[in-house]
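First to last, the protein sequences are chains A and B. Note that this note's numbering has the first sequence beginning at 3, numbered continuously upward. Note that this note's numbering has the second sequence beginning at 3, numbered continuously upward. For each residue, glycine too, the CB sits at the ideal point set by N, CA and C. Report on the structure given below.
There are 2 protein chains.
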Amino acid sequence: MALDKDDVKSRVIEIATSLIAKHGSAGLQARTIAKEAGISVGSIYNLVGDMDALHRIVNAQLLDELGVAGTGTVAELDKRGETDLTTRLLELSHAYLGFVTENRTAWNALLAFNRSATVDETPDWYFVRLEMLFDVIADELRATELGSDEQKLAIAARALWSAVHGIVTNAYVGEDKRQLVETIRMQIDILIRTFVRGLRA
Amino acid sequence: MALDKDDVKSRVIEIATSLIAKHGSAGLQARTIAKEAGISVGSIYNLVGDMDALHRIVNAQLLDELGVAGTGTVAELDKRGETDLTTRLLELSHAYLGFVTENRTAWNALLAFNRSATVDETPDWYFVRLEMLFDVIADELRATELGSDEQKLAIAARALWSAVHGIVTNAYVGEDKRQLVETIRMQIDILIRTFVRGLRA
């Protein structure tokens with residue numbers, strides 16, 4: 003039975019996801035995908051557009067997964083009745099660390115993709131997914147002094163998100179990889195504890 | 003008059019620096035360098051090793067320049083008699099922002115290089131340069147409560163460095179590039195002010 007167009011598109015995205023997870027964006031070759039999917043290179047371009055568009059679809063899935071990891075952590079914290087901001091932010095940071103560790107190659111490819119993309123060619127639905135990630139942190143900070151100013155809250159959420167991101171993605175530099183996760187957790191710990199103390203001061 | 007070996011090596015590094023500044027690591031092609039330097043591809047490998055080794059030399063220069071920007075900022079702050087930690091850390095962060103803005107392509111290439119490099123093949127002199135950057139921040143934090151514990155001080159310096167780095171390199175995502183520098187400065191401002199307040203609380 004022949005697959006319909008949507009099935010073939012799903013299959014192409016699935017193959018692309020797997021290639022990026024294994025080899026980063028260098029692995030995303032139309033010819034490789036065509037061969038694995040048993041279709042022509044031209045069909046791929048018809049189905050999903052160019053390789054950048056396909057990479058963006060894979061990235062959006064990855065951002066969704068990270069979003070689910072974030073909201074899942076929040077749900078668990080709420081269920082436990084955890085109200086301490088430091089604990090909540092630490093667990094969210096550890097969720098991010100776990101996500102990056104599990105998806106290192108694909109995540110690095112996403113970062114490189116975002117860095118080289120221009121705003122003009124980036125569709126709104128991609129931005130929306132990024133904003134949703136920052137919103138998870140904004141919701142946590144809302145009960146602090148920052149909550150009285152929506153703009154300041156958004157900036158602070160973005161700052162804290164990027165700060166933890168910087169620690170997670172930068173930590174390996176000059177570090178013994180065996181001690182990596184421990185080093186990252188210690189850095190996150192100092193940053194979050196001091197930041198929250200500063201918010202309360 | 004024929005150039006001696008050191009002169010040719012300097013010229014090769016100069017060309018590599020310029021290629022990376024313009025096109026990132028994709029621009030670092032032995033054939034392009036050979037053509038521009040008027041030597042054979044084989045000579046390049048004899049002089050500097052492979053393209054990774056050459057990229058590492060260019061990166062070390064870049065790290066040195068960033069180090070000079072950092073220590074230069076510290077010297078200027080000292081000359082002005084500036085003792086406020088928040089002001090000092092903010093100006094150091096702005097120096098980093100300025101450096102990344104001026105060297106965006108080469109800096110992104112360095113980050114990608116570091117990410118893909120393994121610790122085993124990285125020479126000590128490369129790590130030393132990275133540590134020196136963290137030390138600039140450690141020196142600033144020494145007069146706080148962190149100063150009583152050298153290990154904690156090192157972790158905090160690294161955390162704060164990486165946090166600002168994360169803000170600077172991540173901020174463009176989902177942002178209008180025209181408002182970029184202003185957005186980054188606002189994020190740095192909230193992070194540093196809150197962190198220092200937390201240290202003093």
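Please report the residue range of the alpha helix (DSSP H) in which residue i lies.
i	result
residue 32 (chain A)	32 to 39
residue 27 (chain A)	Unbroken run through residue 27 (chain A): none, as it is neither H nor E.
residue 62 (chain A)	53 to 81
residue 196 (chain B)	182 to 202
residue 45 (chain B)	43 to 50
Which residues in the same chain as residue i place their Cβ atom closer than 7 Å to its Cβ, once the five residues preceding and following it in sequence are excluded?
i	result
residue 176 (chain A)	For residue 176 (chain A), the predicted model reports a pLDDT of 47, less than 50, meaning its position is unreliable; a value from the coordinates is still stated below. Same-chain partners within the cutoff: there are none.
residue 14 (chain B)	35, 39, 46, 49 and 50
residue 18 (chain B)	30, 35, 56 and 60
residue 91 (chain A)	142, 194 and 198
residue 53 (chain A)	30 and 32
residue 93 (chain A)	75 and 79
residue 160 (chain A)	136
residue 186 (chain B)	99, 169, 170 and 173
residue 115 (chain B)	27, 57 and 61
residue 16 (chain B)	none
residue 84 (chain B)	90
residue 41 (chain B)	10
Check the C-beta distance from residue i over to residue j and give it rounded, since I have them as a contact under 8 Å.
i	j	result
residue 61 (chain A)	residue 112 (chain A)	5 Å
residue 108 (chain B)	residue 23 (chain B)	5 Å
residue 58 (chain B)	residue 128 (chain B)	6 Å
residue 77 (chain A)	residue 203 (chain B)	31 Å between Cβ atoms; not a contact.
residue 64 (chain A)	residue 105 (chain A)	6 Å
Please return the same chain residues whose Cβ sits closer than 8 Å to the Cβ of residue i, not counting the five positions on each side in sequence.
i	result
residue 69 (chain A)	131, 134, 135 and 138
residue 98 (chain B)	68, 71, 72, 166, 167 and 170
residue 21 (chain A)	29, 30, 31, 34 and 35
Please list, in chain order, all residues of the same chain as residue i whose beta carbon is under 6 Å from its beta carbon, the five residues on each side excluded.
i	result
residue 148 (chain A)	154, 155 and 158
residue 162 (chain A)	139
residue 102 (chain B)	109 and 170
residue 144 (chain A)	none
residue 201 (chain A)	146
residue 95 (chain B)	166 and 190
residue 87 (chain A)	198
residue 196 (chain B)	none
How about residue i: is its C-beta nearer than 8 Å to some C-beta of chain D?
i	result
residue 149 (chain A)	Among the protein chains in the structure shown, which are A and B, there is no chain D.
Quiz item: Unbroken alpha helix (DSSP H) runs of length 4 or more, entirely within the segment 103 to 160 of chain B: which are they?
Solution: 106 to 118 and 126 to 143
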